[in-house]
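Residue numbering for the sequence shown follows the working numbering, beginning at 6 and increasing consecutively.
By construction, the Cβ of each residue, glycine as well, lies at the ideal position given by its N, Cα and C atoms.
Please read these numbers as outputs of a predicted model, since none were measured by experiment.
Data first, discussion second: the structure below is written as structure tokens.
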Amino acid sequence: MRFELPRWLLVVPFAVLLVAAAAWQARRRRLRAAAGWSAQLGRQAAAMGRHSMLLLGLIALVAAVGLAGPRWGRASQATESRALNVVVVMDISRSMLAQDVKPDRLTRAVGIARRLVQDLEGDRLALVAFAARGYLLSPLTLDQSALALQLDALDPEVASEGGSGLGAAISQAADVLKAATQGGDKAVVVFSDGESFEGAEALTSVGESLQRAGITLVLVPVGGSTGARIPDPDGTWHKDADGQEVITVRRDDLLKAAAAGARGIVVPADAPDPSGEVRRVLDRLARAPAEDRSADDLIPRAWLFALVAAVGLLAHTLTRRSAALVGVLLAVAVGSASAQRPSAGGRLLQRGDTAKAREAFAAEAKRLGTDSAWFNAGTAALVAGDMVAAQDALQRASLSLDPDLRRRALYNLGTAYLTRARRETKGRDSLLVAASRQLQSALQLAPGDADAKFNYELARRLMPPPPPPQSGGGGDSKKPPPKPQQPQQAPPTPGGMSKADAEQVLSAMERAERETRMAQAKRQRRGQPPLGPDW
């Protein structure tokens, strides 16, 4: 598995904590509001949704990991193209480390081969690397990216085994092409300095076998003709069995011997564009349909995480009591449609007959028993000046589940207590305490209500001063009501995320691939010693 945006994983813990904190804050506000309605409702609310914070945190975790772009698994697909069959043969013998061309022969040869691979898009390519023996690193494939990875792994460290079996490598490439049953004409492209212990006659014989098989041979010479020393890994120059420093030169004679037997082409060593010269030779060959199966990149799996998160969130929403309250609210909304018609008490109140309006509203409240009916009865009694009846009706209305109706009932109830406290002297302090409590509850539901704030402050000022020593309370010996608490806002959600560089991830994957290929090549080269010179 890998991620398109691995840096996003660093943000995942903070995103989960933020969602969990928001869920905890929302639950806290809900419990406080429910407890403000009634103690029983507060206990019921506390018993519900205890695991919401954990569940929402897990949902946030799944969603956040999905945003990082997880990928795993590969899907293969068939690719069809009109293609040639070309085997690239790369010399990785020790002589290719000579630095008579910059930076060295092997690096230059790999660079030319990479450009050629890019130009041959749509053709079937294979790669054979050789020193004393040949190694098939990539079979014929339409996936040029796989061949490019193999070429990148052919650095000087890979070419650690001496010897050069050019003829055997060409024969191995021919065997690969002979087994091909798809595609058009066949060709072998060799990148080498020509150093080989097999001799000209053997190379000519190998070339003739290619000519009989109908395989085109193209050779690209690499290196200088004046000679150069070969560096060893320890910083010294390579020496032969007699202790003399080895001087390697480009062997055009051996390359021409192989080309002569195959009736092939040797690209001029001083050609300004060797890959272009090879491409022009190959363009004269006939292409034919070829089919190959290539593995796509890792399959994106972010949609799975999004699906799990969406299903989890939907299940969490549907199983909560709040989902059932939607139906209750709809029923209340439908039922309230009939209340849009003016009632008898409303018509009497519009005429200014408050006494009869109070009686009509009281009768309607006893008949219907709804919260709005009790609110109307209490408000009418308050307007008529019957504070005791107003308190009784508004007390029932203040238990409503409708926050707005409850707020208005609490405000009117507090106002009724405050009005009684200003009129009566008996029990004045307890009335002021009751008024401040009801108005405080109304402010908790609507902190910006200016009328409720004014009446609440008035009730607090009318309360007697606290006995010495002074403390933060007020009123008589009874414990003063707590100060109103302002609702807290949930923490903001994150506004975005920084996009990671997907190319960096791909480069890291390719580097790991190259390291694996290099290790495999080294293990393959360990074995029998070379049959001739070790460079």
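DSSP lists Pro294 as the beta-bridge partner residues of Arg87.
Judged by DSSP in its simplified three-state form, Ser446 adopts helix. Relative to Leu171, the option among Ala185, Leu259, Asp190, Arg32 whose CA is nearest is Leu259. If only uninterrupted alpha helix (DSSP H) runs of at least 4 residues are considered, those enclosed by the stretch 193-220 are 205-217.
Nearest in C-alpha terms to Thr231, of all of Val194, Gln104, Ala311, Leu404, is Gln104. Around Ala311, the same chain offers Ala68, Gly71 as residues with beta carbons nearer than 8 Å, after the five sequence neighbours per side are excluded. Taking the Cα positions, Ile235 is about 42 Å away from Arg87. Taken through DSSP and simplified to helix, strand or coil, Trp242 comes out as strand. Per DSSP, Gly281 is one residue of the alpha helix (DSSP H) stretching across 279-287. In summary, Trp13 is buried, with 16 or more beta-carbon neighbours lying within 10 Å of its beta-carbon over all protein chains present.
DSSP, read as helix, strand or coil, puts Leu125 in coil. In the three-state reduction of the DSSP assignment, Ala233 falls in the strand class. Taking 8 Å as the cut-off, the Cβ atoms of Thr221 and Ala265 do not count as close. Around the beta carbon of Ile304, fewer than 16 other beta carbons lie within 10 angstroms, which makes this residue exposed. Excluding its 5 nearest sequence neighbours in each direction, Asp128 has C-beta neighbours in its own chain below 7 Å: Ala88, Leu89, Val91, listed in chain order. In the DSSP assignment, Pro18 falls within the alpha helix (DSSP H) that extends over 17-42.
Note on Leu111: 16 or more other CB atoms within 10 angstroms of its CB, so buried under the neighbour-count rule. Under DSSP, Tyr140 forms a beta bridge with Ala134.
Taking all protein chains shown into account, Arg413 has 16 or more neighbouring C-beta atoms within 10 Å of its C-beta and is therefore buried.
Less than 8 Å divides the Cβ of Ala178 from the Cβ of Val133. When secondary structure is reduced to three states using DSSP, Glu9 falls in the coil class, being assigned neither helix nor strand. Within the same chain, and ignoring the five residues on either side of Trp242 in sequence, the residues whose Cβ sits closer than 6 Å to its Cβ are Arg234, Glu250.
For the 8 Å CB-CB criterion, Ala173 and Gly139 form a contact.
Beta-carbon to beta-carbon, Gly228 and Asp198 are separated by about 4 Å, close enough to satisfy the 8 Å threshold.
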